[in-house]
Structures are given as C-alpha cells and as structure tokens.
Amino acid sequence: MATDSIPPKTLSPLMARIADYITLRLNEQETAFEHYIACQTSLREQLSMGKITQATYNKEMDMLDDASADTMLEFHIIDKQYRLLAQDMEDEVLGMRAVGTPCAGEDELVEKAYYSVVREAKRSEVLWRQRFDQGVVQNKSNGRTELDGRVLSFYDAVRTMHEQRQAHCSLTGWHPDEEVGVARLVPGSISSEQVAFLFGANQVNLVNWKNCIPLHKSLAQAVECGIITFVPLPPSDVNQGPIWTCILVDDDFRDRAFAKAPDGKQITYREVHGNPLIFHNHHRPARRFLFFHFVISYLRAQSLDFPVKPNIVWPVPGRYVDRESIQMLARSMSGGELPELLYKEMVFEKTERPADYADVALCLAMRNWIRKTVEVSKNGTACVIPKIEGDGDLSAEGVAKISSDVDVEMIEAAMQETTGNEDETQRSEEQQQGSEKDKDTESKGDTVSQESTTSSKGRKKKKKSKKITN
Numbered sequence: 441m442a443t444d445s446i447p448p449k450t451l452s453p454l455m456a457r458i459a460d461y462i463t464l465r466l467n468e469q470e471t472a473f474e475h476y477i478a479c480q481t482s483l484r485e486q487l488s489m490g491k492i493t494q495a496t497y498n499k500e501m502d503m504l505d506d507a508s509a510d511t512m513l514e515f516h517i518i519d520k521q522y523r524l525l526a527q528d529m530e531d532e533v534l535g536m537r538a539v540g541t542p543c544a545g546e547d548e549l550v551e552k553a554y555y556s557v558v559r560e561a562k563r564s565e566v567l568w569r570q571r572f573d574q575g576v577v578q579n580k581s582n583g584r585t586e587l588d589g590r591v592l593s594f595y596d597a598v599r600t601m602h603e604q605r606q607a608h609c610s611l612t613g614w615h616p617d618e619e620v621g622v623a624r625l626v627p628g629s630i631s632s633e634q635v636a637f638l639f640g641a642n643q644v645n646l647v648n649w650k651n652c653i654p655l656h657k658s659l660a661q662a663v664e665c666g667i668i669t670f671v672p673l674p675p676s677d678v679n680q681g682p683i684w685t686c687i688l689v690d691d692d693f694r695d696r697a698f699a700k701a702p703d704g705k706q707i708t709y710r711e712v713h714g715n716p717l718i719f720h721n722h723h724r725p726a727r728r729f730l731f732f733h734f735v736i737s738y739l740r741a742q743s744l745d746f747p748v749k750p751n752i753v754w755p756v757p758g759r760y761v762d763r764e765s766i767q768m769l770a771r772s773m774s775g776g777e778l779p780e781l782l783y784k785e786m787v788f789e790k791t792e793r794p795a796d797y798a799d800v801a802l803c804l805a806m807r808n809w810i811r812k813t814v815e816v817s818k819n820g821t822a823c824v825i826p827k828i829e830g831d832g833d834l835s836a837e838g839v840a841k842i843s844s845d846v847d848v849e850m851i852e853a854a855m856q857e858t859t860g861n862e863d864e865t866q867r868s869e870e871q872q873q874g875s876e877k878d879k880d881t882e883s884k885g886d887t888v889s890q891e892s893t894t895s896s897k898g899r900k901k902k903k904k905s906k907k908i909t910n
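In structure tokens, the structure reads:
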C-alpha cells in the first residue's frame with residue numbers, strides 16, 4: 441500500500457481506532473478476493489472436466505464477477521485514498537458526536553463512519569468514471585448535475601414548504617430551489633491528478649460531496665473565485681468538530697447585494713462576513729479541501745498585491761497537505777513565501793517526490809485560476825484577506841476577536857434549535873395539508889437506502905501494518 445508511515449504512538453486515540461478498523465476491513469477484502477480467485481479456479485477445473493455445463497459456468501462466473509467488483513472497488517479506495525479515508529472518517533465521527541447519533545460506543549461510531557464514507561466514495565468513483573464516459577448528467581428540470589443533487593441530499597438541504605420546493609444555503613438559510621447551487625472548494629478547473637500528491641494520496645476523487653457546500657448561487661460562485669472563504673473556530677466541546685466561519689476575501693464585494701430576503705430586503709456580502717456555516721446533519725465538507733481553499737484564496741490576494749498579514753494562523757491543526765508541494769504552489773502563485781504560521785501545523789512530509797511536472801502542472805492550473813477569477817470582479821483590485829471589522833487579521837488575537845464576535849455556544853444552540861424548529865414546522869404543515877386533501881391521497885417521501893453494516897468474517901490472517909498521520 442502506498443501510504444505514509446509514522447509510529448502509531450503519534451496518533452490520537454480516535455485516529456488509532458480508525459486505523460485499526462481500516463486495516464481490519466482491508467484484511468477482510470483481501471480474504472474475499474482470495475476466495476473469489478479460488479472459486480474461479482475451481483469452476484474452470486469443473487468445466488474442463490465436464491462436471492458442469494458452459495451455461496452453469498457462465499452463470500456462476502457472473503455472480504462471482506459481480507461480488508468481486510464491489511470488493512475490488514472497496515480495496516481500491518483503501519489502497520489509493522487511505523489517508524483521505526481516515527480523515528473523512530474522523531470528520532464523520534466528530535459530526536455524529538455533535539448531533540448525538542445513537543450508538544453502543546466508539547467502535548460502533550467508527551464502523552458507521554466507515555460505511556458512510558466508503559459508500560459515498562464508491563458512488564463518487566462510479567460518477568467520476570461516468571463523467572469521462574458520457575459527461576455528467578444534468579437534470580433538465582432544475583439544471584443541476586447528479587453530483588449537485590446528491591450534495592443537497594447528503595446535507596439535508598432540500599424541503600417542500602407551502603407546496604414550494606426549497607433548498608438550504610449554509611450561510612443564508614432557505615431559498616427557492618432554483619436560487620441555490622453547490623460550491624466546489626477545489627476549483628473545477630483543477631483535476632484530481634493535479635492535487636493527488638498534494639493531499640498525500642495516489643488518487644483524489646473531487647466528484648464528492650465533501651468537496652462541496654450548498655450555497656446561494658451567487659455565494660457559490662464567490663467561493664469558487666476565492667472571493668469568500670472559511671476558517672475554523674474551535675468548538676466549546678473538544679469532542680465535536682470545529683465551527684466554520686465565512687470570511688469575505690474581496691473587500692470590493694462588501695456592499696454588493698447578491699440575493700433578496702423573504703421580506704424583500706437586499707442581502708449583501710457584508711452580512712455573510714463572519715457568519716457560521718449551518719448544517720442540518722452530521723455531514724461536513726472535508727477539512728483538507730477547506731484548508732486548501734483558504735490557502736489558495738490567501739495566495740490569490742497575495743499574488744494581486746493586496747495587503748495581507750504575515751501572522752495569520754489556522755487554529756485547528758491537522759496534516760492536510762504535503763509541505764514541499766504547498767510551498768512550491770505558494771512561490772508559483774504569488775512569487776513569495778507562504779507564512780509558516782499558516783501551514784506549519786497543517787503539513788506532512790513525503791519521502792518520495794513525484795516527477796517535477798506533477799507540481800508544475802498544479803502551479804500552472806492555479807495561476808490560470810487566478811487570471812479567470814480576476815475577471816469576475818469589475819475592478820479586480822479590492823481584495824483584503826482575511827479582514828474582520830475592527831480587526832485586520834487572523835493572528836491568535838484575530839481568532840480571539842472572531843470568537844468573541846461569534847458566540848460559539850450560541851451558534852451551536854441556534855443550529856440545534858433551527859433544525860428542531862424546522863422539523864416541527866414541516867411536520868405541522870404536512871399534517872394540516874393532509875387533513876385538507878382526500879384521504880386516498882398518499883404522501884410520497886424519499887427513501888434512503890442503507891447498506892448493511894454487517895462485517896464479513898473472513899479467515900484469520902496476518903494483520904498488515906498501516907499507519908497514518910493525525
């Protein structure tokens with residue numbers, strides 16, 4: 441397996457438990473694959489000896505092939521995306537803790553996180569292949585891609601109120617369905633191959649809801665252009681994930697309106713500056729993609745010669761990107777160095793370097809991204825990253841300023857209250873509508889299929905060593 445190795449004692453208890461579980465699943469997949477090979481060999485021998493017919497052989501082989509396809513896909517995900525899989529599982533566990541997901545203990549949380557992450561990784565892998573085979577399928581009724589629809593579904597960001605379909609913007613709340621889009625944290629012009637080494641993986645699937653955030657379409661475009669980005673605030677409970685706060689990067693957009701509130705009032709970019717991302721379940725975008733977006737937004741501002749502070753920090757540590765790759769990207773995009781305080785707790789070291797063209801290709805793509813984003817703003821000269829009213833940076837003092845302005849406990853309470861109130865309102869309205877309709881009318885709901893979480897018990901075999909960074 442092409443993964444980084446560090447002594448297991450450096451892992452947090454949660455990440456150590458995750459590493460053990462992934463290794464267990466890997467061994468089970470290898471056992472299942474060996475069983476497939478043995479069955480295939482046996483069937484061929486029986487066919488050659490005339491013990492079974494060709495039709496029986498074909499039928500049995502079709503069944504084996506189907507079973508093997510899923511096994512090999514899971515094996516492929518663990519092999520190529522081990523570091524990312526572990527990071528995503530950690531986010532899932534923290535999210536489930538935050539919403540109080542019922543479970544018998546930490547081991548069950550880890551198991552649920554694994555099946556949730558791997559299930560979506562499989563779907564994303566299939567969609568990624570379809571993207572090259574026949575293009576991403578769009579829904580003609582709303583213009584969304586299949587990925588966009590799945591993103592909204594995974595974040596519980598769709599509902600029907602007063603017979604109107606609505607979608608939830610994580611910054612501004614509910615809007616008519618057609619006004620909400622999906623923002624990509626890694627720009628769509630960047631390929632998975634160009635960022636794979638940066639994230640410490642052999643493969644990175646960007647057609648994934650973890651690379652996306654449901655936002656008002658104008659805000660989604662602003663994210664993809666580096667006009668706004670997000671920084672984490674440590675939660676009041678260390679067992680839960682961080683709270684993500686919006687930062688307006690391009691100050692020229694501060695007083696521009698991008699949407700209308702239900703009362704008809706114009707909503708400006710100034711009003712979302714400092715707001716938290718609100719989600720309705722335990723799903724969250726991946727921290728590595730959020731960190732990458734923050735860095736490229738910073739580098740965009742630096743490259744355009746806008747004032748930036750040298751003592752910016754990212755207050756939630758985690759090994760997200762390769763040190764040399766992010767340093768090379770910084771030099772290429774801005775012509776200068778990335779402040780060490782910004783990345784020193786967020787990088788890992790790779791002992792093997794890729795061919796030079798791998799880093800160069802990413803640098804060229806990101807410089808091209810900067811040129812395109814400048815065209816979005818009429819002036820293209822008013823970015824200040826990051827800036828808070830009354831305080832100009834995200835140093836330790838700056839983070840404290842944001843924390844004082846944005847009451848973390850109040851946000852957490854509001855998130856829970858908002859979700860509860862919306863659920864209660866929707867139930868009340870559905871009951872009222874049901875009494876007005878004919879008794880024979882049946883309400884239709886989406887059924888979310890859940891895969892079995894029963895682990896297969898393969899033959900015992902020597903446990904393979906796989907280690908990850910925290």
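Following the numbering used here, the numbering of the sequence shown begins with 441 at its first residue and continues without gaps. Built from N, CA and C at the ideal position, the CB exists for glycine as well. Keep in mind that this is a model prediction, so the values were computed, not measured.
Would you say residue i and residue j are within 7 Å of each other, going by their C-beta atoms?
{"i": "His723", "j": "Thr669", "result": "no"}
{"i": "Ser631", "j": "Val689", "result": "no"}
{"i": "Asp519", "j": "Val557", "result": "no"}
{"i": "Gly681", "j": "Gly540", "result": "no"}
{"i": "Ala607", "j": "Val620", "result": "yes"}
{"i": "Arg696", "j": "Tyr709", "result": "yes"}
{"i": "Ile667", "j": "Phe693", "result": "yes"}
{"i": "Val753", "j": "Leu781", "result": "yes"}
{"i": "Ala553", "j": "Glu532", "result": "yes"}
{"i": "Pro716", "j": "Lys650", "result": "no"}
{"i": "Ala636", "j": "Val644", "result": "yes"}
{"i": "His720", "j": "Asp617", "result": "no"}
{"i": "Tyr476", "j": "Ser508", "result": "yes"}
{"i": "Arg457", "j": "Val550", "result": "yes"}
{"i": "Glu785", "j": "Pro755", "result": "no"}
{"i": "Arg624", "j": "Cys652", "result": "yes"}
{"i": "Ser743", "j": "Ile683", "result": "no"}
{"i": "Asn642", "j": "Arg537", "result": "no"}
List the DSSP bridge partners of residue i.
{"i": "Cys543", "result": "Per DSSP, none; premise fails for Cys543."}
{"i": "Val622", "result": "Pro654"}
{"i": "Ala607", "result": "Val598, His615"}
Under DSSP, the beta strand (DSSP E) around residue i begins and ends at which residues?
{"i": "Pro453", "result": "Per DSSP, Pro453 belongs to no beta strand (DSSP E); it is in the alpha helix (DSSP H), 453-488."}
Mind reading off the beta-carbon distance from residue i to residue j? Whole number of angstroms is fine, and I expect it under 8 Å.
{"i": "Leu739", "j": "Ser774", "result": "5 Å"}
{"i": "Asp762", "j": "Leu638", "result": "6 Å"}
{"i": "Gln521", "j": "Leu504", "result": "Their Cβ separation, rounded to whole angstroms, is 26 Å, which puts Gln521 and Leu504 out of contact at 8 Å."}
{"i": "Asp787", "j": "Arg759", "result": "For clarity, residue 787 is Val in the given sequence; the question names Asp instead. About 7 Å separates the two Cβ atoms, so the contact holds."}
{"i": "Leu655", "j": "Leu592", "result": "Wrong, their Cβ atoms sit about 11 Å apart, outside the cutoff."}
{"i": "Gly640", "j": "Cys686", "result": "Not confirmed; about 27 Å, so no contact."}
{"i": "Thr777", "j": "Arg771", "result": "Just to set this straight, residue 777 is Glu in the shown sequence, not Thr. That belief holds up - the Cβ atoms of Glu777 and Arg771 are roughly 7 Å apart, short of 8 Å."}
{"i": "Val712", "j": "Leu659", "result": "7 Å"}
{"i": "Ser564", "j": "Asn648", "result": "4 Å"}
{"i": "Phe473", "j": "Met512", "result": "7 Å"}
{"i": "Met601", "j": "Glu530", "result": "That belief does not hold up - the Cβ atoms of Met601 and Glu530 are roughly 35 Å apart, past 8 Å."}
{"i": "Leu769", "j": "Leu730", "result": "Actually they are not in contact, since the Cβ atoms of Leu769 and Leu730 sit about 16 Å apart, beyond 8 Å."}
Could you spell out where the alpha helix (DSSP H) holding residue i opens and where it closes?
{"i": "His516", "result": "494-520"}
{"i": "Glu633", "result": "632-636"}
{"i": "Val426", "result": "Past the boundaries of the shown model lies residue 426; the chain is included only from 441 to 910, so the question cannot be answered."}
{"i": "Leu730", "result": "727-743"}
Using a threshold of 6 Å, is the CB atom of residue i nearer than that to any non-hydrogen atom of the ligand FMN?
{"i": "Gly621", "result": "With respect to small molecules bound, the structure shown includes none, and the ligand FMN cannot be examined in it."}
Quick one: does residue i have its CB under 7 Å from some CB of chain D?
{"i": "Asp505", "result": "As a matter of chain content, chain D is missing from the structure shown, which is built from one protein chain."}
**Request:** May I have a chain-ordered list of the alpha helix (DSSP H) segments no shorter than 4 residues that lie completely inside the stretch 753-799?
**Result:** Taking 4 residues as the shortest admissible run, the stretch 753-799 contains the following complete alpha helix (DSSP H) segments, listed from N- to C-terminal end: 763-774, 780-783.
**Runs of beta strand (DSSP E) lying entirely within the stretch 647-717, each at least 3 residues, in chain order** = 652-656, 668-673, 683-688, 697-700, 706-708
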